Each structure stands twice: as C-alpha cells, then as structure tokens.
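Here's the structure we're looking at; comments come further down.
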Ligand code: TUI
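In this note's numbering, the protein residues as written are 38 to 345.
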C-alpha cells in the first residue's frame, strides 16, 4: 500500500483531530509546520470565520493543511463549497455521512478523508471515492462511535482498499506502533495536542488534561444518539441527567457547544464541557507540537521500518 505521507504530502503519517472551537490557525499551522497534517475545525463557527482561519493558516505555514467539516454544523453545506473556493487540498469529515458532497470534491481534486465509526460507513464512503478513512474508536474525545479502536481498525482495514488512519486512544509512539500493527497506515491525534504550547485554549483546560487520571472521562448523551466524551465535572453530570430526562437532541447540542466555549475560552471548571479522550491520563506536561510529533515518530519502530 502507498505510504500515507505520499497522499498527505507530509513528513509524518499523522493528522490532527478537527477539534471544534480549538483547532484554529494557530494549532493547524503548528501541526503542519511540525510535519503532520494540521486541520482547521468547523464545529461551532460560521463560514466567514472559517474562511479567515484558512487564510491565516496559509500565512503561518507553506505546508499542506486541511479543513475538518463537522457535518452536524448548520454551516456544513456552505463549508463544502468553501473547501473549493479557498483551494483547501484535504478535507476530513465527522459526525455524519459525507456521501452527497463527494462528487463535487473529487471533481475539484480535493483529497477526502471521512471519519468513520463502523465498517458499513467505511465501505460506503470508499464506494463514493474517499481517498482514505479515519477510523475513530470510542476512546476518543468529543462526539464518538461505539466500537473501540482495537476492534474497529483491523475490521475496517480488512474491508476497504484505501489507507486507514487510526484515531482514539493514541498519545505516544506506542499508540503509533499499535495502530500500524492493527493495519493502519497512520494516526490521528487530538487529546495530546490539547496540552501543547501552541494550542489556543485556556490554561485551566490544559491543566485539567495534565491532572486527569485514566478514569476521569465520561460519555454524556448516549440516550440522544450523540454521545460525547468529556472530563467528569458538574456540567457532565447535569448533561447526563438532562439527556436521561429526555431533553431534545437539538437543545443538548446547543448546550454542548455553549459549554465547550466556556471550557475553551474561560476555563470554567463547573460549567465548561472539557472534551477529552481516554488518553488524557497519559498526558503529563505541556510540550511544543514539534516535541510531541518528533517523540511519537522518532521512537516508533513501525515508522522507522517504513522510512529506513
Ligand atoms: O466529530 C467528531 N468529534 C466531535 S464533533 C464535536 S462538536 C459537537 N457539537 C455538538 C454536539 C456534539 C458535538 C465534538 N467532537 N468525531 C468524528 C466522528 N464522527 N466520530 C463519530 C463520527 C460519526 C458518527 C456517525 C461519523 C459518521 C456517522 O455516520 C452516521 C450516518 O449518518 O451514517
């Protein structure tokens, strides 16, 4: 199989997670400059704000970067055109089926890499022309599927003939090696990047990640079919209670994005939604994005084998 770095035009076979409200030009530019594929995220922002983020990223880096489109966003449809207007070379999608937009992107020569939580969706997006798939396990932070990375990655790798990128549960070189052993050609990381110098979030959020233990994340909103993994706090308890009481999906989504802003910008320990994956317990310090990526790949046997 072709090396993922040939598809992404990057030094490392790594994509940054498209974290809503967090993955701005600062983070995307830093990840691309460090040798991964940085992403500008879309969840929470309107089309003009994202256009500005894309333009600012181009000023920060001459390396490739992408746009993540959260398909539950009210601006999703507009963003599918923005990709083409702003000549973004790679698009990743999440929280839905990008099938209806694939023809337009393929005609424009965009590289399309959907996040999939199941074998069925992986097969469907590949039929529509996906260039690779990001297979995200339930260990990940934010909006998640049901199946673990360990179980899902090999099943998707057996089912499709495009590169598989493993996501969820990966924070260091051991995760990279495990992903390759399971049949992946690369990784996507999010939580470990929250604790990077370049990540533009409130310091309280970074400190919460660093202090978190293995048992500190919880999944909210299972009843509403929009499960979201966050660090345990007052807001998470309130959200679980409301979704048990049957509060509607739309209201819960609005609440989620509102409380995510409180976490990201204000570091509000009680009212914030601190989205994080189960690997938060592994993250022990704030480092530069370059240190995080160099450490992941210079110590990975799988990466060394591919590149020597
Ligand atoms: O999208 C994510 N993670 C996210 S999005 C987000 S912002 C948010 N805003 C309001 C409410 C909830 C979240 C925070 N974190 N990850 C990618 C991902 N995609 N995980 C799971 C999926 C997924 C789920 C179902 C992808 C496709 C899918 O398809 C269902 C279908 O239509 O077949």
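Yeah, the Cβ is synthetic: ideal placement off N, Cα and C, and Gly gets one too. Computed from a prediction, not measured in an experiment: that's the story for all the values here.
Per DSSP, residue i forms a beta bridge with which residues?
i	result
residue 324	233
residue 102	75
residue 33	Lying before the first or after the last residue shown, residue 33 is absent from the chain, which here runs from 38 to 345.
residue 47	Residue 47 pairs with nothing; no bridge assigned.
residue 107	131
In whole angstroms, what is the alpha-carbon distance linking residue i and residue j?
i	j	result
residue 201	residue 302	33 Å
residue 290	residue 342	44 Å
residue 165	residue 151	11 Å
residue 293	residue 271	13 Å
residue 318	residue 229	10 Å
residue 259	residue 265	8 Å
residue 74	residue 180	21 Å
residue 141	residue 84	18 Å
residue 298	residue 231	14 Å
residue 226	residue 279	30 Å
residue 143	residue 149	8 Å
residue 192	residue 156	7 Å
residue 82	residue 274	26 Å
residue 97	residue 284	42 Å
residue 169	residue 122	22 Å
residue 276	residue 310	10 Å
residue 160	residue 51	22 Å
residue 214	residue 335	11 Å
residue 20	residue 131	Residue numbering for the chain in the displayed model covers 38 to 345; residue 20 lies beyond these limits and cannot be assessed.
residue 171	residue 190	9 Å
residue 128	residue 321	31 Å
residue 245	residue 268	8 Å
residue 38	residue 197	Here residue 38 scores only 49 on pLDDT, less than 50, and its place in the model should not be relied on; the value that follows carries that caveat. Distance between the alpha carbons of residue 38 and residue 197 is about 12 Å.
residue 45	residue 173	18 Å
residue 88	residue 177	27 Å
residue 110	residue 314	21 Å
residue 64	residue 340	23 Å
Looking only at its own chain, which residues have a Cβ that is under 7 Å from the Cβ of residue i, when we skip the five neighbours before and after it?
i	result
residue 241	304, 306
residue 90	61, 62, 77
residue 175	181, 182, 183, 184, 185, 205
residue 300	242, 309, 310, 311
residue 66	75, 94, 97, 98
residue 106	79, 113, 116, 117, 128, 130
Got a sec? Which residues, its chain only, sit under 8 Å from residue i by beta carbon, not counting five neighbours each side?
i	result
residue 281	260
residue 158	134, 151
residue 199	163, 167, 168, 169, 170
So, for residue i: in the same chain, excluding its five sequence neighbours on each side, which residues have a beta-carbon less than 6 Å away from its beta-carbon?
i	result
residue 162	151
residue 56	78, 227
residue 145	121
residue 325	234
residue 71	326, 327, 330
residue 138	117
residue 338	214
residue 256	264, 266
residue 238	59, 301
Every unbroken beta strand (DSSP E) inside the segment 177-210 [3 residues or more]: Correct list: 201-204.
Let me know the beta strand (DSSP E) ranges lying completely inside the segment 234-315, each 3 residues or longer, listed in chain order. Correct list: 254-257, 265-268.
Counting only runs of 3+ residues fully inside the segment 135-180, write out the beta strand (DSSP E) ranges in chain order. Runs found: 148-153, 170-173.
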